[in-house]
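Going from the sequence shown to this note's numbering is simple: count from 1 and add 2.
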Amino acid sequence: MYLNKANAEYPHVITVNRTERIVDDSSYPPKEVVNTTTHTLNAFMDTPNSSQQINYHNLDIRLDRVLYLPFSSDIQRSDVFIYDNEKYEFVGDLQDQGGQHIVWNAPVRRV
């Protein structure tokens, strides 16, 4: 879980849980179907620097970690993920770090 030697730039493995709610209105009464999928991704979990902590504190947003991922990773802002037996959620959007379409970073907090 802690070290993935195949990809040293993203040494951590996270488990992404995606929940999608679909309303099936082809019959009456409509019913809601909940689909949950799980997959793993290589990532890098980092602690936020002081200026990030201050900026989020001033916005009244709790920031616990910063997640870094390869740009093409299958993850969405609405997903939750598990790292080191802790569940995390996004507190901001995925950002293209440097605008080069190589690395995404996102602020996250423990749930």
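Using N, Cα and C, we set each Cβ at its ideal position, and we do this for glycine too.
Remember, it's a predicted structure, so these values are computed and weren't measured experimentally.
- Item | Distance CB(Q54)-CB(L69) smaller than 8 Å | Numbered from 1 along the sequence shown, position 52 holds the residue referred to as residue 54. Numbered from 1 along the sequence shown, position 67 holds the residue referred to as residue 69. No. Outside cutoff.
- Assign Q78 to one of three DSSP states: helix, strand, or coil. Numbered from its first residue, the sequence shown carries residue 78 at position 76. Three-state DSSP puts Q78 in coil, outside helix and strand.
- Item | Through-space distance from F92 to I24, alpha-carbon basis | Here residue 24 refers to the residue found at position 22 when the sequence shown is read from its first residue. Here residue 92 refers to the residue found at position 90 when the sequence shown is read from its first residue. The alpha-carbon atoms of I24 and F92 are separated by roughly 22 Å.
- Item | Inter-residue Cα distance where the pair is N87 and T17 | Reading the sequence shown from its first residue, position 85 is the one you call residue 87. Reading the sequence shown from its first residue, position 15 is the one you call residue 17. Rounded to whole angstroms, N87 to T17 spans 10 Å at the Cα level.
- Between the CA atoms of L71 and N114 - distance to the nearest angstrom: Within the shown structure, residues of the chain are numbered from 3 to 113, placing residue 114 beyond reach of any answer.
- Item | Spatially closest choice to V105 from F46, T39 and E34, by CA coordinates | Position 103 of the sequence shown, counted from the start, is the residue given in the question as residue 105. Looking at the Cα atoms, F46 is the closest of the given residues.
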